[in-house]
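Respectively, the protein sequence lines represent chains W and E.
Each residue of the first sequence is one higher than the last, beginning at 2 in my numbering.
Each residue of the second sequence is one higher than the last, beginning at 2 in my numbering.
Don't be surprised by glycine CBs; every beta carbon is placed ideally from N, CA and C.
Keep in mind it's a predicted model, so treat the numbers as computed, not measured.
There are 2 protein chains.
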Amino acid sequence: MAILITNDDGIYATGLSFLVEAMKRIDEVVVVAPDREQSAVGHAITLSSPLRVTRIDRNGGFFGFATSGTPADAVKLAIRSIMPEPPRLVISGINLGANVGGSLIYSGTVSAATEGSMLSVPSIAVSLDSRIDGHFQTAADFARLIAEKVLEKGLPEGILLNVNVPNLPRDQIQGVMVTTQGKTNFNDFFEERTDPRGQRYYWMCGTMVADDGRRDHDVRALAEGYISVTPVHYNLTAKGFLGSLSEWRLDENWKADV
Amino acid sequence: MAILITNDDGIYATGLSFLVEAMKRIDEVVVVAPDREQSAVGHAITLSSPLRVTRIDRNGGFFGFATSGTPADAVKLAIRSIMPEPPRLVISGINLGANVGGSLIYSGTVSAATEGSMLSVPSIAVSLDSRIDGHFQTAADFARLIAEKVLEKGLPEGILLNVNVPNLPRDQIQGVMVTTQGKTNFNDFFEERTDPRGQRYYWMCGTMVADDGRRDHDVRALAEGYISVTPVHYNLTAKGFLGSLSEWRLDENWKADV
């Protein structure tokens, strides 16, 4: 049983190579990753077109399989079709850019780990808080530590770990904090432009704005120089609202509405 | 303030027309929807390419805006750029195919409503449990009822409603049930084929398998002929595991690991 490595920045991303080197110190690795960048694809899967798989040799670094689909597709394909037996662990990253707060829901990196967890394999997403190549080695070092820990302790069914690492040299990291998903807003807007043929088009712009500063939030931990580890699940029921919703008497109203 | 209608089956889908007719009985409507089918796109947003918007006249049915992006893009564009003021309500559907259990995470229909909720607008996703055109009128009737209810009562910040309607004539509906997201597995596999140029490709296959039968689960309610209404949130922290994870002593281990 090997470790499956994937990402959403594509098989040629630098962060993936760092993760491969770190995981090779633990066990045999299999790399199955998108053939191009797939950021912000959320938990997309490809149903309406076929998927292609190409064997890639990263010049002595590693062999891997590049897929034409999304990160979730890559994990499904790896586990259901490419690997002879399921992996011991799915690890996704090292993503260029943090996946904290509201941005979790858009994250291909996290969705790959979610897919692993849905297929009953312990899974981890690892992101570095930088938009340009940065201190990948810090993130790789922690990835190895947390991967070993997950292999030793296991994870409960339906729970994965979302890890975010500050873009700092190792000796400047404040420590490791277990966190909750913070609340954030996006102050996004669309910039309107006109193409050379006179047609309008729109670019999405804007940044994430953390809207509260609770001590245990991933956003804040990261900003303060801590490695953030959030346990994540994908049961989306808002349990706290079930009671109030029952009081809406929808069944009675529906039957009375003729 | 109007009602914003979107979907993931695209602006030409029959389910959208039924939803428009139902919402017109409540208020003014604005339709902003993908220009083609976008099923299983999850909560994808488009960052790496510009978005196009085309004004569409559905032959006396409605005017609307077709977007080149995903359902989440459509909602963002509508609220941030197309509409002069935010809508009173975002309603997404009527999707062809149920969005219950594990499939919620892949659903473009639900992600559109999630995006509405993230932008602080009360939001509803509506799906019909049929893969071919079916009893849309039943779903449209309930969509009107639940939309009126949401406009009257409001929804808490960060909570949306996921509605699934059995594919039955109205008089065969058993009633309305407030439900939780059920647990399901996918027995998916990949069918390997060879294209006319001798290259291999893969089709994703398989179906959803409900793996438990709790009375209050969306999967079961729907199968028994009830309209299912699930309150959904998008805070993904697995709170129940925070304590155990803290006992892993990650901070100590990290500092000791040199």
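Test: residue i CB closer than 9 Å to a CB of chain W
{"i": "residue 233 of chain E", "result": "yes"}
{"i": "residue 136 of chain E", "result": "no"}
{"i": "residue 65 of chain E", "result": "no"}
{"i": "residue 110 of chain E", "result": "no"}
{"i": "residue 265 of chain E", "result": "No answer is possible for residue 265 of chain E: it lies beyond the span of chain E, which begins at 2 and ends at 259."}
{"i": "residue 82 of chain E", "result": "yes"}
{"i": "residue 247 of chain E", "result": "yes"}
{"i": "residue 76 of chain E", "result": "no"}
{"i": "residue 25 of chain E", "result": "no"}
Three-way DSSP call (helix, strand, coil) for residue i in this model
{"i": "residue 48 of chain E", "result": "coil"}
{"i": "residue 181 of chain E", "result": "strand"}
{"i": "residue 246 of chain W", "result": "helix"}
{"i": "residue 7 of chain W", "result": "strand"}
{"i": "residue 41 of chain W", "result": "coil"}
{"i": "residue 65 of chain E", "result": "strand"}
{"i": "residue 75 of chain W", "result": "helix"}
{"i": "residue 18 of chain W", "result": "helix"}
{"i": "residue 194 of chain E", "result": "strand"}
{"i": "residue 231 of chain E", "result": "strand"}
{"i": "residue 104 of chain W", "result": "helix"}
{"i": "residue 112 of chain W", "result": "helix"}
{"i": "residue 201 of chain W", "result": "strand"}
{"i": "residue 139 of chain E", "result": "helix"}
{"i": "residue 176 of chain E", "result": "strand"}
{"i": "residue 36 of chain W", "result": "coil"}
{"i": "residue 121 of chain W", "result": "coil"}
{"i": "residue 94 of chain W", "result": "strand"}
{"i": "residue 169 of chain E", "result": "coil"}
{"i": "residue 23 of chain E", "result": "helix"}
{"i": "residue 131 of chain W", "result": "coil"}
Residue environment, residue i, which counts as buried when at least 16 other CB atoms sit within 10 Å
{"i": "residue 96 of chain E", "result": "buried"}
{"i": "residue 155 of chain E", "result": "exposed"}
{"i": "residue 113 of chain E", "result": "buried"}
{"i": "residue 211 of chain E", "result": "buried"}
Contact with chain E by residue i, beta-carbon distance below 9 Å
{"i": "residue 252 of chain W", "result": "yes"}
{"i": "residue 88 of chain W", "result": "no"}
{"i": "residue 107 of chain W", "result": "yes"}
{"i": "residue 236 of chain W", "result": "yes"}
{"i": "residue 199 of chain W", "result": "no"}
{"i": "residue 165 of chain W", "result": "no"}
{"i": "residue 51 of chain W", "result": "yes"}
{"i": "residue 147 of chain W", "result": "yes"}
Contact list for residue i against chain C, beta-carbon separation under 7 Å
{"i": "residue 45 of chain W", "result": "Of the protein chains in the structure, W and E, none is chain C."}
Does the pairing of the region 238 to 251 of chain W with the region 33 to 47 of chain E give three or more beta-carbon distances under 8 Å? No: fewer than three Cβ pairs fall under 8 Å.
At least three beta-carbon pairs within less than 8 Å, the region 131 to 147 of chain E to the region 68 to 76 of chain W: Contact fails: fewer than three Cβ-Cβ distances are below 8 Å.
Given 8 Å as the limit, is there contact between the region 10 to 18 of chain W and the region 20 to 31 of chain E, that is, 3 or more CB pairs closer than that? No, they do not touch.
Please confirm if the region 148 to 163 of chain E is in contact with the region 197 to 215 of chain E, defined as three or more CB-CB distances below 8 Å between the two stretches. They do not touch, by the three-pair rule.
Does the region 100 to 107 of chain E come within contact of the region 216 to 223 of chain E, defined as at least 3 CB pairs closer than 8 Å? Cβ pair count under 8 Å is three or more, so yes.
If you pair each beta-carbon of the region 229 to 242 of chain W with each one of the region 228 to 235 of chain E, do three or more pairs fall below 8 Å? The answer is yes - the region 228 to 235 of chain E touches the region 229 to 242 of chain W, with three or more Cβ pairs under 8 Å.
At least 3 beta-carbon pairs within less than 8 Å: the region 2 to 11 of chain E vs the region 26 to 33 of chain E: The region 2 to 11 of chain E vs the region 26 to 33 of chain E: in contact.
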